[in-house]
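First comes the structure, then the notes that go with it.
If you want it as structure tokens, here you go:
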């Protein structure tokens, strides 16, 4: 058993996120296990870039209100206690609403050479505003 009492909070890399986002790694993929998980905290308006995961992703919201959007225009509003499953290869993004913080635990299964995430371009302000409108904001 390993008891980890604290993980450092780091600023999320600007090349993958818009706005202020903070990460606490829970688990990094390491043989033989391949789980990667992190607590991710988004300030209002902050969000990920478009991205996909080789083996999919599970998001469990711990606090606040956020959005998850897909390339086909589907957007869901997420709140504490809810889970979103993104299938393998689906291009998507997630983040806080424009007025509320949002925190989630992000979980992915690595592909043997890392966490299997393919990072893409930023979500534009127009795409973000459309997502807010789609959820009644």
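In the numbering used here, the protein residues as written are -7 to 129. The C-beta atom is built at its ideal place from N, Cα and C for all residues, glycine as well.
Let's see if you can read the secondary structure: which residues bound the alpha helix (DSSP H) around residue 55?
Note, residue 55: premise wrong, no alpha helix (DSSP H); beta strand (DSSP E) at 49 to 62.
Could you tell me which residues DSSP pairs with residue 17 in its beta bridges?
Partner(s): 30.
Using alpha carbons as the reference points, say which of 76, 18, 105 and 69 lies closest to residue -5.
It is 18 whose Cα lies nearest to the Cα of residue -5.
So, are the CB atoms of residue 98 and residue 29 less than 8 Å apart?
When the beta-carbon positions are compared, residue 98 and residue 29 come within less than 8 Å of each other.
Going by CA-CA distance only, name the one from 49, 42 and 94 that's closest to residue 78.
The option with the nearest alpha carbon to residue 78 is 49.
Within its chain, find whatever has a CB closer than 6 Å to the CB of residue 83; leave out the 5 residues flanking it on each side and keep chain order.
Only 42, 44 and 63 meet the Cβ criterion.
Grouping DSSP H, G and I as helix and E and B as strand, with all else coil, what is residue -1?
DSSP places residue -1 in the coil class of the three-state scheme, outside both helix and strand.
Can you name, in chain order, every residue of its own chain whose Cβ lies under 6 Å from the Cβ of residue 74, other than the five neighbours on each side?
Answer for residue 74: 53, listed in chain order.
Pick helix, strand or coil for residue 35, following the three-state DSSP scheme.
Three-state result, residue 35: coil.
Rounded to a whole number of angstroms, what is the C-alpha to C-alpha distance between residue -7 and residue 26?
Their backbone Cα atoms lie some 18 Å apart in a straight line.
CB residue 10 to CB residue 115, shorter than 8 Å?
Cβ atoms of residue 10 and residue 115: closer than 8 Å.
In angstroms with no decimal places, state the Cα-to-Cα distance between residue 129 and residue 23.
Roughly 44 Å separates the two Cα atoms.
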